[in-house]
Amino acid sequence: MSGHAIDPRGAQAPLDTSADLSEVRDWIALLKPRVMTLVVFTAVVGLLVAPAPIHPVLGVAAILCIAVAAGAAGAINMWYDRDIDALMRRTARRPIPSGRIEPGQALGFGLVLSAASVAVMGLATNWVAAGWLAFSIFFYVAIYTMWLKRRTPQNIVIGGAAGAFPPVIGWAAATGDVTLVPLILFAIIFMWTPPHFWALSLWAHGDYARAKVPMLPVTHGARETRRQVMVYTVALVPVTLAPWLVGFAGPAYAAVAALLGAGFLFHAWRVLNEPQDAAGRSLANDAAARATFKYSLYYLFALFAALAVDRMAFAA
271 MSGHAIDPRG AQAPLDTSAD LSEVRDWIAL LKPRVMTLVV FTAVVGLLVA
321 PAPIHPVLGV AAILCIAVAA GAAGAINMWY DRDIDALMRR TARRPIPSGR
371 IEPGQALGFG LVLSAASVAV MGLATNWVAA GWLAFSIFFY VAIYTMWLKR
421 RTPQNIVIGG AAGAFPPVIG WAAATGDVTL VPLILFAIIF MWTPPHFWAL
471 SLWAHGDYAR AKVPMLPVTH GARETRRQVM VYTVALVPVT LAPWLVGFAG
521 PAYAAVAALL GAGFLFHAWR VLNEPQDAAG RSLANDAAAR ATFKYSLYYL
571 FALFAALAVD RMAFAA
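The number in this note's numbering is simply the position in the sequence shown, starting from 1, with 270 added.
Below is the structure:
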C-alpha cells in the first residue's frame with residue numbers, strides 16, 4: 271500500500287489516518303481502559319497467589335478474558351448511562367453522548383465481547399472461572415448499572431462487589447475452585463470501594479446532582495459522606511490484615527498492609543476535618559478528597575503487589 275488514495279481527478283490524496291486513529295480511540299474508550307488497569311492487576315495477583323500452578327499461556331489467556339469482560343461491561347454501562355453521561359462534565363465527552371459512536375453499536379460491541387470472553391475463559395481454563403466471569407458482568411450491568419445506581423445511595427456499597435470479583439476469577443482460573451483466601455481478597459476490594467468512590471463523589475457531587483444520580487453527597491450531604499469515608503476506612507484496615515491472620519501471608523505483608531492502612535486513615539481523617547461550611551462542603555476546593563481518591567488507587571495497587579511478593583517469597 272502506498273499510503274495514498276486516488277481522488278476523482280486522478281491525483282493521489284493522503285489517507286485520513288488521523289480520523290481512523292480517532293475512531294479506534296473511541297472504541298477503546300468504550301472499554302474504560304483506566305478502570306480495566308486495576309481490574310487486570312488484581313486478577314493477576316489472584317492468579318499468581320493461587321496454590322495451583324497454571325501454564326503461562328493459559329494464564330495470559332485468562333487475564334485477557336478478564337480484561338475483555340471488564341471492557342465489555344464498561345461498554346454496556348456506557349450504552350445504558352448515555353443519558354446521564356451527557357449531563358455530567360466528567361463524562362460528557364465519552365464516545366456515545368458526544369455522538370461519535372451510535373448506542374446500538376456500543377451495545378452490540380459489549381454483548382459480543384461479553385459472550386466471547388466467557389466462552390474463551392471456559393475453554394482455556396475451566397467453567398468455574400467462566401461462571402464467575404459471567405456473573406461479574408451480570409452484576410456490574412444488571413445489578414449495579416441498571417438497578418442500584420439510579421435508585422439508592424447504597425449503589426456503591428452493594429455495587430462495589432462488581433469490582434471485587436477479578437482476584438476471585440484469577441484464583442478460580444488457576445485452581446478450578448474458590449476458597450477462603452480469594453473471598454478475603456474480594457472483601458478487601460469490597461470494603462475499599464466506598465471510601466475510594468465517595469472521595470471522588472465529594473468533588474464531583476455537582477455532576478451527580480445534575481444527572482439526579484443518588485450518590486451519598488447528593489442524598490445525605492457532604493458531612494455525612496465525609497463521616498462514611500472515615501467509617502469504611504476504619505473497617506477496611508483490619509480486613510487487609512486477614513491474609514496474614516489466616517496464615518496465607520507473612521509478617522512482611524502485614525507490615526506493609528498496616529503502613530498503607532495508616533496512610534489511608536490519615537487521608538480519611540483529613541477528609542473528615544477539611545475546612546467546611548455549615549453543610550459540610552469544602553472550603554478548600556475538596557483538596558483532601560482529591561488527594562484521598564488518588565491515594566486510594568495507589569493504595570490498592572501497593573497492597574495487592576505486597577501480597578503477591580510476600581506470597582511468592584513465602585512459598586519459595
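Built from N, CA and C at the ideal position, the CB exists for glycine as well.
Beta-bridge annotation (DSSP): residue 424 is not paired with any residue. Exposure of residue 582 is indicated by the presence of fewer than 16 other C-beta atoms within 10 angstroms of its C-beta. Contact between the region 514-527 and the region 562-576 is present: 3 or more CB-CB pairs across the two stretches fall below 8 Å. A check of alpha carbon separations from residue 461 across 422, 447 and 511 identifies 511 as the nearest.
Bridge pairing for residue 552: 546 [DSSP]. In its chain, beyond the 5 residues on either side, 335 have a beta carbon closer than 6 Å to the beta carbon of residue 390. Take the alpha-carbon of residue 351 and the one of residue 522: they are about 43 Å apart.
Excluding its 5 nearest sequence neighbours in each direction, residue 383 has C-beta neighbours in its own chain below 6 Å: 338 and 342, listed in chain order.
Rounded to whole angstroms, the separation of the alpha carbons of residue 346 and residue 429 is 16 Å. Within the same chain, Cβ atoms closer than 6 Å to the Cβ of residue 367 are found at 352, 355 and 356, the five residues on either side in sequence being excluded. In this chain, the alpha helix (DSSP H) harbouring residue 495 covers 486-510. For the 8 Å CB-CB criterion, residue 459 and residue 443 do not form a contact.
Contact check for residue 534 and residue 478: beta-carbon distance about 23 Å, past the 8 Å limit, so the pair fails to qualify.
A contact between stretches requires three or more CB pairs, one per stretch, nearer than 8 Å, and the region 370-385 fails this requirement with the region 489-508. Of all C-beta pairs linking the region 385-404 to the region 415-430, fewer than three are shorter than 8 Å, placing the two stretches out of contact. Of the other Cβ atoms in all chains shown, 16 or more fall within 10 Å of the Cβ of residue 537; this residue is therefore buried. By the neighbour-count criterion, in which a residue is buried when 16 or more other Cβ atoms sit within 10 angstroms of its Cβ, residue 562 is buried.
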